[in-house]
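If you read the sequence shown in this note's numbering, its first letter stands for residue 15, the second for the next number, and so on. Where a beta carbon is used, it is the ideal one built from N, C-alpha and C, also for glycine. Only a predicted model underlies this, so the values are computations on that prediction, with no experimental measurement involved. See structure below.
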Amino acid sequence: MSEPRTPEPALNVQGDSPTGTRDEDAADGTQHSQRMLNFSDALLSIIATVMILPVTHTEISPEQQFDKSVQKLLATRIAVYLMTFLIVTVAWAAHTRLFQVVGKIDDTLALLNLACMMTITFLPYTFSLMVAFPEVPLGIFLFCVCVIAIGAVQALIVVYAFSFPHLLNPQVGRAAPRGLCRQHILRIVLRGPALCFLAAGFSLFFYPVSYVLMATVIFLPYINKAASWCRDRLLGPRESPAHSVEFFTFDLQEPLSKERVEAFSDGVYAIVATLLILDICEDNVPDSKDVEERFHGSLVAALSVYGPHFLAYFGSFATVGLLWFAHHSLFLHVRKATQSMGLLNTLSLAFVGGLPLAYQQTSAFAQQPRDELESVRVSCAIIFFASIFQFAMWTAALLHEAETLQPPARFGGREHAFMFAKLALYPCASLLAFASTCFLSRFSTAIFHLMQIAVPFAFLLLRLLVRLALALLRALRGLARPAQGIEEAPRAPLLPTPC
Numbered sequence: 015m016s017e018p019r020t021p022e023p024a025l026n027v028q029g030d031s032p033t034g035t036r037d038e039d040a041a042d043g044t045q046h047s048q049r050m051l052n053f054s055d056a057l058l059s060i061i062a063t064v065m066i067l068p069v070t071h072t073e074i075s076p077e078q079q080f081d082k083s084v085q086k087l088l089a090t091r092i093a094v095y096l097m098t099f100l101i102v103t104v105a106w107a108a109h110t111r112l113f114q115v116v117g118k119i120d121d122t123l124a125l126l127n128l129a130c131m132m133t134i135t136f137l138p139y140t141f142s143l144m145v146a147f148p149e150v151p152l153g154i155f156l157f158c159v160c161v162i163a164i165g166a167v168q169a170l171i172v173v174y175a176f177s178f179p180h181l182l183n184p185q186v187g188r189a190a191p192r193g194l195c196r197q198h199i200l201r202i203v204l205r206g207p208a209l210c211f212l213a214a215g216f217s218l219f220f221y222p223v224s225y226v227l228m229a230t231v232i233f234l235p236y237i238n239k240a241a242s243w244c245r246d247r248l249l250g251p252r253e254s255p256a257h258s259v260e261f262f263t264f265d266l267q268e269p270l271s272k273e274r275v276e277a278f279s280d281g282v283y284a285i286v287a288t289l290l291i292l293d294i295c296e297d298n299v300p301d302s303k304d305v306e307e308r309f310h311g312s313l314v315a316a317l318s319v320y321g322p323h324f325l326a327y328f329g330s331f332a333t334v335g336l337l338w339f340a341h342h343s344l345f346l347h348v349r350k351a352t353q354s355m356g357l358l359n360t361l362s363l364a365f366v367g368g369l370p371l372a373y374q375q376t377s378a379f380a381q382q383p384r385d386e387l388e389s390v391r392v393s394c395a396i397i398f399f400a401s402i403f404q405f406a407m408w409t410a411a412l413l414h415e416a417e418t419l420q421p422p423a424r425f426g427g428r429e430h431a432f433m434f435a436k437l438a439l440y441p442c443a444s445l446l447a448f449a450s451t452c453f454l455s456r457f458s459t460a461i462f463h464l465m466q467i468a469v470p471f472a473f474l475l476l477r478l479l480v481r482l483a484l485a486l487l488r489a490l491r492g493l494a495r496p497a498q499g500i501e502e503a504p505r506a507p508l509l510p511t512p513c
């Protein structure tokens, strides 16, 4: 275990600058980066989320059964979606780290950032090619070229910012020469693009290796962490780098910007909710001619045909909203977000991005009733993984609770049991619904709709239910304790102090 370090003052990359500072910045041609970062976070969250569209638009005709070939096709597309979503979030994490080093921007940096964002917006098109033609190397090649271009632009941002030191955060360069710091940052920024360069080369003659290399980009920080641990065990610990160099790392416990994690996450949840209503607007507005011929001019009768679609929409929106609510509640108690929490948050968001696919599956119950069991299971699995990674993120925060969590959410705090129940509700409900379909397959649709209805009411009554459960546990503990002659046992960490 390393000795605890005195926390350094946080880099001021968020929040508003004082008016006087802004006036001084305007006078020398620099600007505060807050609005540009908000724009970048919004765009990156949109790009990461719309990756699911080629998967949700997988065409399965009503006559086609949900057989092994369709399952394999859907599983392949979901796997490619998860990989590309995570690669986009790697680019977002690198952008976050980069602008913890770059404190101010000028016109050139703003334009370079726009060039980076323009390249990122091309990723969904290359992903669509990868999904439509998985065995043709062009889609993989173009995707890798985009990632290489993103890394090249980020490297240009680093070189330009270090050429004009007044753009850098004041902490950079205090403990180490700026040249050493620049070299260290460039080496980290260009690792992922270097792997994608190899992946682009392999795509031309053996594309499976390209997928392996692209997946390695996602876990590169953790591979690097494991390699450093092994090197320290074999060769002995190295001299710790200066703080300004060490800050730009992918250490699992180094803090991320909590505000940017929240902004990116909120963007993903908002876009997912928007995609749901876009499907309603696109597919469930009856044609005027069809209303006249089939329903004798009755729009109400025509809309009644789409009843299952509206039910699926409201259930899916409630799921997205409640998962966001659980995420919001968790981050109310988070003091800082570590890299491991960031990875778990990214995995959760990747499955949240898959909720439009769950909507497509559940809205098709009326058209394809024979496939409803598989559709329910796919939907339950997506909801389970989206919520279980939220729970895992909270567990990772508890491992370093003194640094990452506010006191009420720590073990023994007054909000600990409530947060446990709130974050465990959706994993338990979706897992129970999935298991129930194994025994009651004939009622799979009813079970799924019951889960969608019951969970929102459970959220409303959750605090009361938790208080009743804790009171019951205390009563049982009191009954189990001998009546006389024994000192009171210490309070269990799960049970908060009674009000």
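Euclidean distance between Cα positions of residue i and residue j
i      : j      : result
Leu87  : Gln45  : 48 Å
Gly165 : Val104 : 11 Å
Gly426 : Ala351 : 21 Å
Ala241 : Val203 : 18 Å
Val64  : Ala406 : 25 Å
Leu446 : Glu415 : 30 Å
Gly321 : Glu307 : 20 Å
Thr110 : Ile467 : 38 Å
Phe398 : Pro68  : 22 Å
Phe324 : Met433 : 31 Å
Val186 : Leu369 : 41 Å
Leu346 : Asn127 : 30 Å
Ala332 : Ile134 : 30 Å
Thr409 : Val348 : 12 Å
Ala124 : Met97  : 29 Å
Glu386 : Pro235 : 40 Å
Ala395 : Ser444 : 7 Å
Leu478 : Leu486 : 12 Å
Residue i - containing alpha helix (DSSP H), residue span
i      : result
Gln515 : Outside the displayed range of the chain (15 to 513) lies residue 515, so it cannot be described from this structure.
Ala332 : 321-346
Pro251 : Neither: Pro251 is in no alpha helix (DSSP H) and is coded neither H nor E.
Arg488 : 476-494
Gln420 : Unbroken run through Gln420: none, as it is neither H nor E.
Pro441 : 430-453
Pro151 : 151-177
Ser393 : 386-413
Val366 : 353-366
Phe211 : 205-217
Ser312 : Counting along the chain, Ser312 falls outside any alpha helix (DSSP H), and DSSP gives it neither H nor E.
Pro148 : It is not in any alpha helix (DSSP H) - Pro148 carries neither H nor E in the DSSP assignment.
For residue i, the three-state DSSP class (helix, strand or coil)
i      : result
Val116 : strand
Gln45  : strand
Glu260 : For Glu260, the predicted structure reports a pLDDT of 49, less than 50, and the residue's modelled location is therefore unreliable. A value from the coordinates is still provided. If DSSP states are grouped into helix, strand and coil, Glu260 belongs with the helices.
Leu270 : strand
Leu289 : helix
Leu137 : helix
Glu182 : The question names Glu, yet the displayed sequence has Leu at residue 182. DSSP places Leu182 in strand when its eight states are reduced to three.
Ser224 : helix
Val299 : coil
Phe473 : helix
Glu349 : Before going further, note that residue 349 is Arg rather than Glu in the sequence given. In this structure, Arg349 counts as coil in the three-state DSSP scheme.
Gly427 : coil
Pro191 : coil
Supposed contact pair residue j and residue i - C-beta distance, whole angstroms, cut 8 Å
i      : j      : result
His341 : Gln420 : Wrong, their Cβ atoms sit about 16 Å apart, outside the cutoff.
Tyr47  : Phe99  : Per the sequence presented here, residue 47 reads as Ser, with Tyr not at that position. Wrong, their Cβ atoms sit about 25 Å apart, outside the cutoff.
Val286 : Val366 : 6 Å
Val116 : Leu182 : 6 Å
Tyr221 : Leu290 : About 34 Å separates the two Cβ atoms, so there is no contact after all.
Val469 : Leu439 : 6 Å
Phe102 : Ala163 : Position check: residue 102 holds Val in this sequence, whereas Phe was assumed. Contact doesn't hold; Cβ gap of about 14 Å is too wide.
Gly329 : His463 : 7 Å
Val223 : Val145 : Incorrect: roughly 19 Å between the Cβ atoms, too far for contact.
Leu517 : Val172 : No statement about residue 517 is possible, as the shown extent of the chain runs from 15 to 513 and does not include it.
Ala431 : Val480 : 6 Å
Ala435 : Leu476 : 6 Å
Leu58  : Trp106 : 5 Å
Test: residue i CB closer than 8 Å to a CB of chain C
i      : result
Ala163 : Chain labels in this structure do not include chain C; a single protein chain is all it has.
Quiz item: Just checking, does the region 150-158 make contact with the region 208-225 on the three C-beta pairs under 8 Å criterion?
Solution: yes
Practice problem: Determine, using beta-carbon pairs with one atom in the region 353-365 and one in the region 270-280, whether at least three such pairs fall under 8 Å. | Solution: yes
Self-check item: Contact the region 328-341 vs the region 299-308: 3+ CB pairs below 8 Å
Solution: no
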